[in-house]
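The block underneath contains the structure these notes are about, expressed in structure tokens.
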Amino acid sequence: MGHETDFSRPPELVSCSEEFNKKENNFLKGCKWAPDGSCLLTNSEDQCLRLFNLPEKIYNGEIQNLPPIDAVLKMFESGTIYDYCWYPGMSSASPDTCCLASTSKNNPVHLWDAFTGELRCTYRAYDQADEITSAHSLAFSLDGNKLFCGFNKMLRIFDVSQPGRFCTEQATYSKKRKNGQSGIISCIAPSPVDMSLYAAGSYSKEIAFYTTSSESMLCMLKGHKGGVTHIMFSSDGTKLYSGGRKDPEILCWDLRDPGTVLYVATRQVETNQRIYFDLSHSGQYLISGNHDGTITIWDTSKTSDNEGTNARYSLLSHFTYSGHTDTVNGVSLHPTFPLVASSSGQWHSCIDEDSEDNVPVNYSNDLRLWWFQ
-14 MGHETDFSRP PELVSCSEEF NKKENNFLKG CKWAPDGSCL LTNSEDQCLR
36 LFNLPEKIYN GEIQNLPPID AVLKMFESGT IYDYCWYPGM SSASPDTCCL
86 ASTSKNNPVH LWDAFTGELR CTYRAYDQAD EITSAHSLAF SLDGNKLFCG
136 FNKMLRIFDV SQPGRFCTEQ ATYSKKRKNG QSGIISCIAP SPVDMSLYAA
186 GSYSKEIAFY TTSSESMLCM LKGHKGGVTH IMFSSDGTKL YSGGRKDPEI
236 LCWDLRDPGT VLYVATRQVE TNQRIYFDLS HSGQYLISGN HDGTITIWDT
286 SKTSDNEGTN ARYSLLSHFT YSGHTDTVNG VSLHPTFPLV ASSSGQWHSC
336 IDEDSEDNVP VNYSNDLRLW WFQ
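Numbering (our numbering), first residue to last: -14 to 358.
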């Protein structure tokens, strides 16, 4: 963020979109503001990436009586979307930079045009049988020149300017030596201070660090109770935050002392779905959704002693507010405005299994915008 948002007061709900409730069980799977803040990208169960423009009135500081937001672009995949990310240099003033990448079941990695919704190109990985294999995670390098893709016990790095099948392969696990990072690489994050360094989380509960200049893993972090679903560096590169499946703890790793958990933030995560979190630009505030529909904000400068665990400190909740009536799986802080986007929903049986009357489940698959001033 260009300036630090004041999180001292509960936010005001300024707009929302309910188009996801038009289909049964079309729950969201996160939301991500574009790097320039002009639009918002969502993923949902109907295998569609939707793009929403920032309401025009917000540019003028008007937040009252905003109409519901509707998708201006829809990009459909033919299989479950595993991951998606913005091109880091995206700016609406330069159409060539307005693109995003996605990976889905039984498909190559797709690069989409964020102005037209058209497919620009594909990046194709092949298995030993020379059949296309799908990436499970994606991340651009900060300069936008490389595209990191996570597979089972494998990382592949594509040159963004060269679509096709050529890539650099980085095995994360050695079957012969029985060491390294095993399992599916579920999330990737580039270092904000070292262009060659990146971190990768896996469903085997491990986080490892790699560099594009070496085939060797630098180090590994272990501490999660479930498979790692989201990782994020602090803006100064000295810390790495991580969260996992059915794991209530967001861990903050001190990268100046690798292996040390500096502090933990406790949230409510009761399913295997990916529950995103986000950091303010300065790193002072951490925000995450919870299984019960609430959204929690922590001030990372306020901690308490955390005896009996592997972390030095526990973060004290700054405050928690009611955001949705179902699991909040995505939160994203706007890069310039005091605005937070949140998304909700999870898979539900068509009927309430706990009810003798087979009462239909009340779905809440919503995208909401919150103003913090």
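Note that CB positions come from ideal geometry on N, CA and C, so glycine has one too. Since we're looking at a predicted model, the values are computed, not measured.
Three-state secondary structure (DSSP) of residue i
i     : result
T197  : coil
D55   : coil
F37   : strand
P148  : coil
D284  : strand
T359  : Nothing in the structure corresponds to residue 359, since the chain is present only between -14 and 358.
F(-8) : coil
Y44   : helix
N137  : strand
F5    : helix
D98   : strand
T312  : coil
T251  : strand
D290  : strand
T157  : coil
T118  : coil
D239  : strand
I272  : strand
P175  : strand
D81   : helix
Residue j beta carbon less than 8 Å from that of residue i
i    : j     : result
D68  : S(-7) : no
K14  : R259  : yes
T312 : T251  : no
T65  : Q32   : yes
T153 : G165  : no
C16  : G315  : yes
L34  : S23   : no
Y195 : Q155  : yes
F133 : P177  : no
S327 : H303  : no
L264 : Y226  : yes
W356 : L324  : yes
K210 : D239  : no
M180 : D98   : no
H333 : N10   : yes
F100 : P80   : yes
S299 : H266  : no
K224 : C237  : yes
L25  : R353  : no
I235 : S189  : no
H215 : F151  : no
Candidates the options: closest to residue i by CA position
i    : options                   : result
Y183 : I66, K59 and R141         : R141
W71  : Q49, L39, P40 and T27     : T27
A78  : M139, E30, K287 and A19   : A19
T118 : L300, D128, N137 and L132 : N137
I169 : I192, P148 and W97        : I192
E41  : Y226, F322 and T285       : F322
Y348 : L354, Q331 and R150       : Q331
H95  : S159, Y261 and G149       : G149
I173 : Y248, S187 and R353       : S187
E116 : N6, N92 and D351          : N92
Rounded separation between residue i and residue j - CA only
i     : j    : result
R230  : S0   : 30 Å
G135  : A120 : 5 Å
F61   : R297 : 45 Å
S146  : N130 : 7 Å
T279  : G244 : 31 Å
V213  : L206 : 11 Å
P(-5) : V246 : 30 Å
L51   : L36  : 18 Å
L271  : A114 : 44 Å
K161  : M139 : 15 Å
L104  : T88  : 13 Å
A185  : S171 : 7 Å
F143  : S317 : 27 Å
D112  : M202 : 22 Å
D290  : N275 : 23 Å
Heavy atom of the ligand MG within 7 Å of residue i beta-carbon
i    : result
A174 : Among the ligands in the structure shown, none appear at all, so the ligand MG cannot be discussed.
**Item:** the stretch 103 to 113 in contact with the stretch 33 to 45 per 3-pair CB rule at 8 Å
**Value:** no
_Contact between the stretch 48 to 58 and the stretch 74 to 89 (3+ Cβ pairs under 8 Å)_ = no
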